[in-house]
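Asker:
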Amino acid sequence: MKVVVEIVDSKEKEEAVIKATELTDSVKNAVDLLENGQKSIPVLENGNTMLCKTSSIYYIESVDKKTYIYTKDGCYETKYRLYELDEMLGNLYCRCSKAMIINLRKIKNVRSEIGGRLFATLLNDEKVVISRSYVKAIKERLDI
Numbered sequence: 020m021k022v023v024v025e026i027v028d029s030k031e032k033e034e035a036v037i038k039a040t041e042l043t044d045s046v047k048n049a050v051d052l053l054e055n056g057q058k059s060i061p062v063l064e065n066g067n068t069m070l071c072k073t074s075s076i077y078y079i080e081s082v083d084k085k086t087y088i089y090t091k092d093g094c095y096e097t098k099y100r101l102y103e104l105d106e107m108l109g110n111l112y113c114r115c116s117k118a119m120i121i122n123l124r125k126i127k128n129v130r131s132e133i134g135g136r137l138f139a140t141l142l143n144d145e146k147v148v149i150s151r152s153y154v155k156a157i158k159e160r161l162d163i
């Protein structure tokens, strides 16, 4: 694929144009990568609302009907439900269990486990269990 980069003189003139014969997973990933660098999700920290860039998310977990976003810097609560975030985040994020969404770009390695599960080690060395019912989708997305 040919890539063309043109330097412009202002932020208002910045744009990305993708020309493709079909909308493949690679094209969708490129679009998500370009868009998700800009997206933010409102989160709560010590009673204050702040914006968390989606590109900094390692994983999202639902515990006791509350949703938490984990980044390198910490853990934040959000008002969104897991299914809403799953729809918002796009192809670079994937459900890895009933209560968790993982950022595929933050996976350092995966290891198969007896019983069909996978263990993913993230870039921050945290370990995440990928349930059997989500293993196939994760393997397809990671191309393994």
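In the numbering used here, the protein residues as written are 20 to 163. No residue lacks a Cβ here, since even glycine has one placed at the ideal position from N, Cα and C. What you are looking at is a predicted structure, and each value in this text was computed from that prediction instead of being measured.
1. Looking at the structure shown, is R151 part of a helix, part of a strand, or coil, going by DSSP?
2. For the beta strand (DSSP E) containing M119, name the first residue and the last one.
3. Mapping DSSP to helix, strand and coil, what is N48?
4. The beta strand (DSSP E) with L137 in it runs from where to where?
5. What are the boundary residues of the alpha helix (DSSP H) that M107 is part of?
6. Report the three-state DSSP secondary structure of L63 (helix, strand or coil).
7. With a cut-off of 8 angstroms on the beta carbons, I'd call Y77 and L161 a contact; round off their distance for me.
8. Only counting the same chain, and skipping five residues up and downstream in sequence, which positions put a Cβ closer than 7 angstroms to that of R124?
Answerer: Let me lay it out:
1. helix
2. M119 to N122
3. helix
4. L137 to L141
5. L101 to L108
6. strand
7. Wrong, their Cβ atoms sit about 16 angstroms apart, outside the cutoff.
8. L111
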